[in-house]
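Student: Just dropping this structure here.
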Amino acid sequence: MIIRRRPAARICVLLAVLVAGLFPTGIAAADEPVAKESPKVELVLDVSGSMRARDIDGKSRMAAAKQAFNEVLDAVPEEVRLGIRTLGADYPGDDRKRGCKDTRQLYPVGPLDRTEAKAAVATLAPTGWTPIGPALLGAAEDLEGGDATRRIVLITDGEDTCAPLDPCEVAREIAAKGIHLVIDTLGLVPDAKTRAQLSCIAEATGGTYTSVQHTDELSDRVSQLVDRAADPVVTPVATRGAGQCADAPRLEPGLYTDREKFGEHRWYRVDVLPGQELRASVSVGADRAVNKDYGVLLRAVTVHGREIVRGSEAGDGRTDLISTGLRYPKAELEDADGVKPAAETVCLQVSNSFSAPPAVKTEPGLPVELTVDVVDAPGAAFDVAAFGLGRGWWLLGVLVVAGFVAGLLWGWVSRWRIAVWRTN
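FYI, in the numbering used here the residues of the sequence shown are 101 to 524.
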């Protein structure tokens, strides 16, 4: 048996050497995917005095929050780095200045020790003020660093009591930094003012607002938001459009975010090769009160200023988001003596016609999300873009011919009816 195994072992060693020669370790290492940074989540819990109210399933709001936290901590995915921050947990007095600084990190953002985190939450008791703005600023600092996805989950039962530091303005400032930090808000038995404020905070950063009336609702929703942070998502790239095409940033296919002032035009550049099709879309969010009658325009223009194609959308009334898009197929050219055809630089212009009431702040600008994709141009005749309908000329021709034919038919029918009437 031993003698028979040796040739087999030698053959295996020889094959391993050959494979190693064909596939060097350097190449194999280069092909290995780069490890993605673990997402970060911080739960921000309101521990102010109003959390003593007993109106959630017959128990206090604080007790419901603790129960929900224990259930959430048991279900946190292993890859999520989680932290906990409190507001209004330490100072019980009437000094507004001290009460509005009452926020601290209860558990640091990092790998979760469930026992330690539960023990920290168990010590909390409803105490003081509701400094939501300072708590959001502190949570943003807790999540700084790295390229991981970041999410704040704010749980509170009332509106901020530390004006003039408006938490909605704080959220807009966080969004304007371009760090892609999402704030989700949950209101425990909220009134109208609390609902409006928490909705504004969430909308400013692309998050969600949820009204909670029961313990199981709170637990389920927080778990969903933590799980959402663990899901792989496309992280937008922060960019800044220019005032003219010549100075515009050159964009590769991807998802980009920017901020645009009311009534502003911003330019970006994309290279399109012959045989490719540019597909672009833009969304502008109305993250504050705006006047009626507004619109968004996306134009593709040559470097010489000739418009290629445009997409536009208009609205009338309060909306959260308005979007439009365009397609530009570039015809394929035959190679001349093997020379590769040069790419065409297409200038993308994003414009908006939003305006705001006098009492509404216009800074920072409105959030803009721009999607750019370059794909193989369509070759099938049934594809609308293959005919150039997006550019309008073919569509105009079809309408002219259709109108001419319809006119001829209607004239013939009218003459026939008159002739029949005269005969009868």
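Beta carbons: idealized from backbone N, C-alpha and C, even for Gly.
Applying the criterion that 16 or more other CB atoms from any shown protein chain within 10 Å of the CB defines a buried residue, is K392 buried or exposed?
Tutor: On the sequence shown, position 292 is the one that residue 392 refers to. Exposed, because fewer than 16 other Cβ atoms sit within 10 Å of the Cβ of K392.
Student: Considering only the beta carbon of each residue, do I283 and A304 sit closer than 9 Å?
Tutor: Residue 283 sits at position 183 when you count from the first residue of the sequence shown. Residue 304 sits at position 204 when you count from the first residue of the sequence shown. Contact flag set, yes.
Student: For the alpha helix (DSSP H) that Q324 lies in, which residues bound it at each end?
Tutor: Here the question's residue 324 lines up with position 224 in the sequence shown. Where Q324 is concerned, the enclosing alpha helix (DSSP H) stretches over T315 to A330.
Student: Output needed for P234: all residues of its chain with C-beta closer than 6 Å, excluding positions within five of it in sequence on either side, in chain order.
Tutor: For this step, residue 234 is matched to residue 134 along the sequence shown. Hits under 6 Å: T203.
Student: Using a Cβ-Cβ cutoff of less than 6 Å, which residues in the same chain neighbour K361 once the five nearest sequence positions on both sides are dropped?
Tutor: Within the sequence shown, the letter at position 261 stands for residue 361. For K361, where only same-chain residues beyond five positions count, the Cβ hits under 6 Å are G465.
Student: Just the Cα atoms here: how many angstroms apart are I156 and T315?
Tutor: Locating residue 156 in the sequence shown gives position 56, counting from the first residue. Locating residue 315 in the sequence shown gives position 215, counting from the first residue. Those two C-alpha atoms are separated by around 7 Å.
Student: On the three-state DSSP scale, how would you describe A342?
Tutor: Taking the first residue of the sequence shown as position 1, residue 342 is located at position 242. Correct three-state label for A342: strand.
Student: With contact counted as at least three CB pairs below 8 Å, one residue from each stretch, are the stretch 183 to 191 and the stretch 135 to 150 in contact?
Tutor: yes
Student: Are the beta-carbon atoms belonging to L286 and V326 less than 9 Å from one another?
Tutor: Within the sequence shown, residue 286 is the residue found at index 186, counting from 1. Within the sequence shown, residue 326 is the residue found at index 226, counting from 1. No, they are not a contact pair.
Student: Let me check understanding here. Comparing Cα to Cα, which of L143, C268 and W367 lies closest to R388?
Tutor: Residue mapping note: residue 388 aligns to position 288 of the sequence shown, counting from 1. That would be C268, whose Cα lies nearest to the Cα of R388.
Student: Taking I252 as part of the alpha helix (DSSP H), name the residues at either end of that continuous run.
Tutor: Numbered from 1 along the sequence shown, position 152 holds the residue referred to as residue 252. Run containing I252: none in the alpha helix (DSSP H); it sits in the beta strand (DSSP E), R250 to T256.
Student: Give me whichever residues DSSP pairs with D146 in a beta bridge.
Tutor: Position 46 of the sequence shown holds residue 146. DSSP output for D146 lists L187 as bridge partner(s).
Student: Rounded to a whole number of angstroms, what is the C-alpha to C-alpha distance between V401 and L243?
Tutor: As a position in the sequence shown, residue 401 is number 301, starting the count at 1. As a position in the sequence shown, residue 243 is number 143, starting the count at 1. Distance between the alpha carbons of V401 and L243: 40 Å.
Student: Is the distance from the Cβ of S412 to the Cβ of G395 below 9 Å?
Tutor: Here residue 412 corresponds to residue number 312 of the sequence shown, with the count starting at 1. Here residue 395 corresponds to residue number 295 of the sequence shown, with the count starting at 1. Going by beta carbons, S412 and G395 fall inside the 9 Å limit.
Student: Beta-carbon separation of V141 and R181 under 9 Å?
Tutor: The sequence position of residue 141 within the sequence shown is 41, counting from 1. The sequence position of residue 181 within the sequence shown is 81, counting from 1. Yes, they are a contact pair.
Student: Given that a residue counts as buried once 16 or more other Cβ atoms are within 10 Å of its Cβ, and exposed if not, what is I518?
Tutor: To locate residue 518, count along the sequence shown from 1; it is residue 418. Answer is exposed; the Cβ neighbour count stays below 16.
Student: Just to confirm before moving on: does the CB-CB distance between T256 and L288 stay below 9 Å?
Tutor: The count along the sequence shown starts at 1 and reaches residue 256 at position 156. The count along the sequence shown starts at 1 and reaches residue 288 at position 188. For T256 and L288, yes; Cβs fall inside 9 Å.
Student: For Q376, is the classification buried or exposed, using 16 other Cβ atoms within 10 angstroms of its Cβ as the cut-off for buried?
Tutor: To locate residue 376, count along the sequence shown from 1; it is residue 276. Under this definition Q376 is a buried residue.
Student: Just the C-alpha distance for A276 and F504, rounded to the nearest angstrom, thanks.
Tutor: Position 176 of the sequence shown, counted from the first residue, corresponds to residue 276. Position 404 of the sequence shown, counted from the first residue, corresponds to residue 504. Whole-angstrom Cα-Cα distance: 54 Å.
Student: Mind checking A430: buried by the 16 CB within 10 Å criterion, or exposed?
Tutor: Your numbering for residue 430 matches position 330 in the sequence shown. The sequence shown places Lys at residue 430, rather than the Ala named in the question. Counting Cβ neighbours within 10 Å, K430 comes out buried, since at least 16 surround it.
Student: In the DSSP output, which residue or residues are listed as bridge partners for R369?
Tutor: Translated into positions along the sequence shown, residue 369 becomes position 269. R350 and C447.
Student: Can you give me the C-alpha to C-alpha distance between M162 and S451, rounded to a whole angstrom?
Tutor: As a position in the sequence shown, residue 162 is number 62, starting the count at 1. As a position in the sequence shown, residue 451 is number 351, starting the count at 1. Roughly 47 Å between the two C-alpha positions.
Student: Leaving out the 5 sequence neighbours to the left and right, which residues in its chain are closer than 7 Å to A443 when beta-carbon positions are compared?
Tutor: If you number the sequence shown from 1, residue 443 lands on position 343. Only D371, V372 and L373 meet the Cβ criterion.
Student: Looking only at C-alpha atoms, which of K461, W516 and P226 sits nearest to D266?
Tutor: Reading the sequence shown from its first residue, position 166 is the one you call residue 266. Among K461, W516 and P226, the Cα nearest to that of D266 is on K461.
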